[in-house]
Amino acid sequence: MRVPIISDTQETPEEPRILPKREHWFYRLPIITDLRRSHGLQRGMLVAGLLLTALLILTAIFAPLIAPYKWAQTGDDNGAFGAQLPPNDINIWGTTVGGFDVFSRVVWGARTAVLVILLAVLASAIIGVILGLISGYIGGWLDKVLVMICDAVYAFPSLLLAIVLSIVISGGKSSAWGGILSAALSITVVFIPQYFRVIRAEAVRLKAEPFVEAAQVIGAPRRSIMFGHVLRNSTRTLPLILTLNCSEAILTLAGLGFLGFGIEQTAAAEWGYDLNRAVADVAAGNWWTAVFPGLAIVLAVLGITLVGESMNDLNDPRLRTRKRTKKKAGVKNDDDASSATDASTQGAQS
Numbered sequence: 001m002r003v004p005i006i007s008d009t010q011e012t013p014e015e016p017r018i019l020p021k022r023e024h025w026f027y028r029l030p031i032i033t034d035l036r037r038s039h040g041l042q043r044g045m046l047v048a049g050l051l052l053t054a055l056l057i058l059t060a061i062f063a064p065l066i067a068p069y070k071w072a073q074t075g076d077d078n079g080a081f082g083a084q085l086p087p088n089d090i091n092i093w094g095t096t097v098g099g100f101d102v103f104s105r106v107v108w109g110a111r112t113a114v115l116v117i118l119l120a121v122l123a124s125a126i127i128g129v130i131l132g133l134i135s136g137y138i139g140g141w142l143d144k145v146l147v148m149i150c151d152a153v154y155a156f157p158s159l160l161l162a163i164v165l166s167i168v169i170s171g172g173k174s175s176a177w178g179g180i181l182s183a184a185l186s187i188t189v190v191f192i193p194q195y196f197r198v199i200r201a202e203a204v205r206l207k208a209e210p211f212v213e214a215a216q217v218i219g220a221p222r223r224s225i226m227f228g229h230v231l232r233n234s235t236r237t238l239p240l241i242l243t244l245n246c247s248e249a250i251l252t253l254a255g256l257g258f259l260g261f262g263i264e265q266t267a268a269a270e271w272g273y274d275l276n277r278a279v280a281d282v283a284a285g286n287w288w289t290a291v292f293p294g295l296a297i298v299l300a301v302l303g304i305t306l307v308g309e310s311m312n313d314l315n316d317p318r319l320r321t322r323k324r325t326k327k328k329a330g331v332k333n334d335d336d337a338s339s340a341t342d343a344s345t346q347g348a349q350s
């Protein structure tokens, strides 16, 4: 007689799988992601850079509210300011040799700098990304021609190119838009090869990936593959290049103005041109006409550079510092344990 075997284990219904909640898009921004995983000195550098950059942007946006006078205003209802006046109650940073308020010109100069950054960096990024994507994905003779042109552009110094374009565009007259467009155009031409090379290298690598080949097999349009698959997965390093190029754009604009090819004082406020006019004042002991525009250039470039360098360190595993984990039972506080902790943290966040 057979005895039925009774199993102690009973089948239990499977619990529904709970997918991890996707983070808000704000927390997935590159700069926010880097800020959350930074610590120590790296976080301090990144926060300091973000504060200085935010100060530059806010000053440019609210320049009409912050500046007490226009950039070319030489007096108020009480009369003319006077030339080369030291800091006082009316002109808190003094006046220039032309009788302009130094504080107002520094504030309005932030708007000029931000405008050049937007025109130059965004234009170079858009053009460079599109050309790099086409060159890397299509290849052939077009790829060789574009690579040759980009290599030739590196032979032109950015400041020399800016001087030539300033003369060609503005006709030797340093008008507001003439100076801004000449500086922006020269910076655009110089920066295009940087974006071109990065995107081209990624496009060459990604077009051989299985998901791209699968899209080609099912007959997806070339435009959809290029922009929907290749470009979407090749823009990881673009935020880093953008931040580093912004600081170089400010220096190029300031150098152009300091050499006398920038924007005249009555057309718009520009820090480099103010330094050019303040060279004689420094020898005479009028320090305020040069210190404040120069300090504005230093702080603006420093802030953007700190952001770019911090992002570079955080995205490079060889440069990124790791948090020291406390010793637990059976776990040593060495580099392997720290690497495992960092990897698990990143996986949980993603």
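Here the sequence shown stands for residues 1 to 350, where the numbers follow the UniProt record's numbering. By construction, the Cβ of each residue, glycine as well, lies at the ideal position given by its N, Cα and C atoms.
A48 and L306 closer than 8 Å at C-beta: yes
Whole-angstrom distance between L240 and N312, CA atom to CA atom: About 7 Å.
Inter-stretch contact at 8 Å, needing at least 3 Cβ pairs: the region 92-108 / the region 150-165: no
Cβ neighbour criterion (16 or more within 10 Å) applied to residue 353: The structure shown does not extend to residue 353, since the chain is modelled only from 1 to 350, so the question has no answer here.
Selected residue, minimal CA-CA separation from A63, among G82, A113, L85, R43: A113
Residues of its chain near I192, where Cβ-Cβ distance is below 8 Å and the 5 sequence neighbours each way are ignored: S124, I127, G128, L131, C150, V153
Proximity to E200 [Cα-Cα], best of M226, T188, L181: Note on residue identity: the sequence assigns Arg, not Glu, to residue 200. Comparing Cα-Cα distances from R200 to each of M226, T188, L181, the minimum goes to M226.
Residues bridged to D101 (per DSSP): T95
G272 versus G40 - alpha carbon distance: 35 Å
Which residues DSSP lists as bridging S79, in chain order: The displayed chain sequence assigns Gly, not Ser, to residue 79. The partner list for G79 (beta bridge, DSSP) reads D76.
Reference G303; option with closest CA among N245, W288, G228: It is N245.
Cβ-Cβ distance between A80 and G109 below 8 Å: no
Unbroken alpha helix (DSSP H) run spanning M45, endpoints: Start and end: 40-61.
Any 3 or more C-beta pairs closer than 8 Å across the region 208-220 and the region 77-91: no
Best match in W177, P293, L238, F196 for proximity to G262 [C-alpha to C-alpha]: W177
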